[in-house]
Amino acid sequence: MKKVFLSLFVLMTMIFLAACSSSDNSSETKETSTEPAKEDAATAEPSGDGEPIKLVGIFSSSGGAAALGEPELETIKMLVEEKNAAGGINGQQIELITYDDKSDQNQAILAMKKALTQDEATVVIGGTISGNALAMLPLAEQYETPYISLAASKQVYVDESGKARKWVFKMPQDDQLAVERILQYLKEKNLTKVAWLNVANSYGTGGHDEFKKYAPEYGIEAVIEDEFEATVKDAKPLLTRVKKENPDAIIVWGTVQESAVVIKNIRELALEMPILASHGIATEQFIEVAGDAANDVILPTGKLLVADSLEDSNPQKEVLLSYSKQYTDKYNKPASTFGTYAADGFNIAVKAIEAKGTDRAAIRDFIENELGEYIGVTGIFNITPDNHMGLAPDSFEMVRIQSGEWVLEN
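What follows is the structure in structure tokens.
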């Protein structure tokens, strides 16, 4: 019997030691892995004089929003690599830590918590989609850390009272600017009776709220307002109701995957009215997923997709072409509008750290008060204490997809 107990004791000891060894190895992998944006992956610790500057990126690089999050991740990795090769920021290297939230709000919250409590981030950049960004921002406020969001919803940087959120800045044009640009286009074309269809999430409802608020100012009336799920597979029942109302145009407000399904269904039902979409589909992946159904879809988007067509006098043109070339040379594929948000977020963070060091409050104050006019890839930013986005409607161009290409709309 004693031998049996002795054997069991030895076995349990071996299992315990193996578990400890496994745990230690897991921790080491977190510190040194260079795999792209897995949940607990970080880049290798950089070399250089002084403590590295910890920059955390949280992107939806897998899951339903991967078409948006992947170019954001790729862009920030490219720019950090370039900056470190040039000596870093004020002689300090950047330690880039990235997380993939898998397009899931709970994963986004977990990643943000790790960024602020374990990684001790100087700045956090990310939040690819609005729901995830909204879930992350209370932690940024709680831990008083500058958070540069890449999500579109106006609610991300404006609180319930209409004031700018203290620690949050936002790079994409918001849903208000996009909705107003669409309404302006509809008014110009005398398309006054429309069907409004939005995805049933915070991005969709945010756009819908702006539409209801501003449509009357432009003389636009919705003859039907409805929504579809982000996981929609067949929107034909919804579109049959739209067909009965016979609108002058259909607005499909969503991102790549769900918008492609709805627009394919519109084509299959032979609805002939113009289709307008949100800036959430402004990526080559939409054209790939939607195929021929994408042709003649009209949308507001940043200038990247039509940079070659801009006048040489446009102050953004050189910046746009430079980013596009760098990204294409690096990844052998076209640059994405969503990558521009990460580029601007990173470059603004760098400017603030160059000026103020790694003090989080000083970085926040610099972006709000001292950045001044910043000519970015997304647009020309003028961030103020009252406006933590700082973009104007002219940061958008109306674009039509023709034969799989992006063309300026007349």
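Under mature numbering (1 follows the signal peptide of the UniProt record, and there is no 0), residues -18 to -1, 1 to 392 are what the sequence shown spells out, in order. For glycine and all other residues, C-beta sits at the position ideal for the given N, C-alpha and C.
Alpha carbon to alpha carbon, what distance is there between F320 and F98?
Locating residue 98 in the sequence shown gives position 116, where the first residue counts as 1. Locating residue 320 in the sequence shown gives position 338, where the first residue counts as 1. Correcting the residue identity first, residue 98 is Leu in this sequence and not Phe. Answer to the nearest angstrom: the Cα atoms are 24 Å apart.
Where do the ends of the alpha helix (DSSP H) carrying T213 lie?
As a first step, residue 213 is located in the sequence shown; it is residue number 231 there, counting from the start. Careful: T213 lies outside any alpha helix (DSSP H) and carries neither H nor E.
How long is the line joining the alpha carbons of D86 and A49, rounded to whole angstroms?
Here residue 86 corresponds to residue number 104 of the sequence shown, with the count starting at 1. Here residue 49 corresponds to residue number 67 of the sequence shown, with the count starting at 1. If I take the Cα positions, the gap works out to 14 Å.
Would you give the residue range spanned by the alpha helix (DSSP H) that A325 belongs to?
Here residue 325 refers to the residue found at position 343 when the sequence shown is read from its first residue. Per DSSP, A325 belongs to the alpha helix (DSSP H) from T319 to K338.
Would a C-beta distance cut-off of 8 Å place A324 and I40 closer than the cut-off?
Against the sequence shown, residue 324 aligns to sequence position 342. Against the sequence shown, residue 40 aligns to sequence position 58. No.
Among residues of its own chain, excluding the 5 on either side of A177, which ones have a beta-carbon nearer than 6 Å to its beta-carbon?
As a working note, residue 177 is residue 195 in the sequence shown. Closer than 6 Å at Cβ, skipping near neighbours: I206, V224, P229 and I232.
I think residue 474 touches M380, with their Cβ atoms under 8 Å apart; what is that distance to the nearest whole Å?
Residue 474 cannot be examined here, being either before or after the span of the chain that is shown, -18 to 392.
Assign S42 to one of three DSSP states: helix, strand, or coil.
Looking up residue 42 in the sequence shown gives position 60. In the structure shown, S42 sits in coil (DSSP, three-state: anything other than H, G, I, E or B).
Identify, in the order they occur along the chain, each residue of the same chain with its Cβ nearer than 7 Å to the Cβ of E56, setting aside the five sequence neighbours on each side.
Translated into the one-based positions of the sequence shown, residue 56 becomes position 74. Closer than 7 Å at the Cβ level, and outside the excluded window around E56, lie Y313 and G321.
Would you list, in sequence order, the uninterrupted alpha helix (DSSP H) runs of no fewer than 4 residues that lie entirely inside the segment 280 to 314?
Runs found: 299 to 313.
What's the C-alpha gap between S385 and S42?
Translated into the one-based positions of the sequence shown, residue 385 becomes position 403. Translated into the one-based positions of the sequence shown, residue 42 becomes position 60. Taking the straight line from one Cα to the other gives about 29 Å.
So the alpha helix (DSSP H) R163 belongs to, where does it begin and stop?
Residue 163 sits at position 181 when you count from the first residue of the sequence shown. Here the alpha helix (DSSP H) through R163 covers D157 to E170.
Excluding five sequence neighbours on each side, which residues of the same chain lie with their C-beta closer than 6 Å to the C-beta of A90?
By one-based count along the sequence shown, residue 90 stands at place 108. Here the set comprises D83, N114, A117 and M118.
Can you confirm whether the segment 245 to 257 touches the segment 181 to 191 when touching is taken to mean that 3 or more C-beta pairs between the two stretches lie within less than 8 Å?
Because the criterion of three Cβ pairs below 8 Å is not met, the segment 181 to 191 and the segment 245 to 257 do not touch.
Where does D278 fall in DSSP's three states?
Position 296 of the sequence shown, counting from 1, holds the residue named residue 278. It is coil, neither helix nor strand.
Which whole-angstrom value is the C-beta distance of T104 and K36, which I expect to be below 8 Å?
In the sequence shown, counting from the first residue as 1, residue 104 sits at position 122. In the sequence shown, counting from the first residue as 1, residue 36 sits at position 54. The pair is a contact, with the Cβ atoms about 5 Å apart (cut-off 8 Å).
Please state whether DSSP places G273 in a helix, a strand or coil.
Counting from one through the sequence shown, the residue named residue 273 turns up at place 291. Here G273 sits in helix by DSSP.
Tell me M380's beta-bridge partners as DSSP assigns them.
The sequence position of residue 380 within the sequence shown is 398, counting from 1. Note: M380 sits in a beta bridge opposite P282.
For L353, does the three-state DSSP call read helix, strand or coil?
The residue you call residue 353 lines up with position 371 of the sequence shown. Coil at L353, not helix or strand.
Give every residue of the same chain whose Cβ lies closer than 7 Å to the Cβ of L173, excluding the five residues on either side of it in the sequence, and list them in chain order.
Position 191 of the sequence shown, counted from the first residue, corresponds to residue 173. For L173, where only same-chain residues beyond five positions count, the Cβ hits under 7 Å are D230, A231 and P256.
Starting from S131, follow its DSSP beta bridges and name the residues at the other end.
The residue labelled residue 131 in the question sits at position 149 within the sequence shown. DSSP output for S131 lists G108 and K152 as bridge partner(s).
Sorted by chain position, which residues of the same chain lie with C-beta nearer than 7 Å to K299's C-beta, five sequence neighbours on each side aside?
On the sequence shown, residue 299 is found 317 positions in, with the first residue counted as 1. Within the same chain, K299 has close Cβ partners A289 and L292.
Should S304 go down as buried or exposed, given a rule of 16 or more other Cβ atoms within 10 Å for buried?
Here residue 304 refers to the residue found at position 322 when the sequence shown is read from its first residue. Its Cβ having fewer than 16 others within 10 Å, S304 is exposed.
May I ask which residues mark the beginning and end of the alpha helix (DSSP H) holding N66?
Taking the sequence shown and counting its residues from 1, one reaches residue 66 at position 84. Looking at the DSSP string, the run of the alpha helix (DSSP H) that includes N66 is A48 to A67.
So, for V214: in the same chain, excluding its five sequence neighbours on each side, which residues have a beta-carbon less than 6 Å away from its beta-carbon?
Working through the sequence shown from its first residue, we reach residue 214 at position 232. So the list reads E240 and V243, once near-sequence residues are dropped.
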